[in-house]
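Numbering (our numbering), first residue to last: 167 to 312.
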């Protein structure tokens, strides 16, 4: 089982509250994470909410089931647990205001991938970082238009 850890930090030309609001719109991730659809299984988006983000096409799609454990709108942080059956681990999302209309997003994932040998953890982390950078760029473009 591979233990994969990665961080993506992006400085954005968007207000922190706008970025955080978009991040915690779990179903909204489908608009900017490529090849992804999101289904909220239970909850109102806050702590206890469970959702599945399925990325990919057909039989190659990967369901990623998650639970929101903590959500602090004033600190602009969200702690999420990946609850399997494929991926397990944690996600920490943090948005920090860096100016009136600028912010920094830190996206940290610490996950385990069964059936994948540990020597592939670094390449997987690199691919994940690239994928999340792309997704965050798409999110920023979407928010800038609206």
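Every residue, glycine too, gets a C-beta built ideally from N, C-alpha and C. Just so we're clear, the structure is a prediction, and the values are computed from it rather than from any experiment.
- Query: Along the chain, where does the beta strand (DSSP E) that runs through residue 241 open and close?
  - Reply: Against the chain shown, residue 241 aligns to sequence position 75. Element bounds for residue 241: n/a, residue is neither H nor E.
- Query: Straight-line CA distance for residue 229 to residue 240?
  - Reply: Along the chain shown, read from residue 1 onward, the residue named residue 229 stands at position 63. Along the chain shown, read from residue 1 onward, the residue named residue 240 stands at position 74. Roughly 30 Å separates the two Cα atoms.
- Message: When you compare the CB positions of residue 247 and residue 238, do they come within less than 7 Å of one another, or not?
- Response: Looking up residue 247 in the chain shown gives position 81. Looking up residue 238 in the chain shown gives position 72. No, these two residues do not count as a Cβ contact at 7 Å.
- Message: To the nearest angstrom, how far is the alpha carbon of residue 193 from that of residue 185?
- Response: Residue 193 sits at position 27 when you count from the first residue of the chain shown. Residue 185 sits at position 19 when you count from the first residue of the chain shown. If you take the alpha carbons of residue 193 and residue 185, they lie about 15 Å apart.
- Message: What residue range does the alpha helix (DSSP H) around residue 277 cover?
- Response: In the chain shown, counting from the first residue as 1, residue 277 sits at position 111. Unbroken run through residue 277 is the beta strand (DSSP E), 268–279; no alpha helix (DSSP H).
- Query: Would residue 204 be called buried (16 or more neighbouring beta carbons within 10 Å of its own) or exposed?
  - Reply: Here the question's residue 204 lines up with position 38 in the chain shown. Buried.
- Item | Pair within 7 Å by beta-carbon distance, residue 277 and residue 170 | Counting from 1 along the chain shown, the entry for residue 277 is found at position 111. Counting from 1 along the chain shown, the entry for residue 170 is found at position 4. Closer than 7 Å, so yes.
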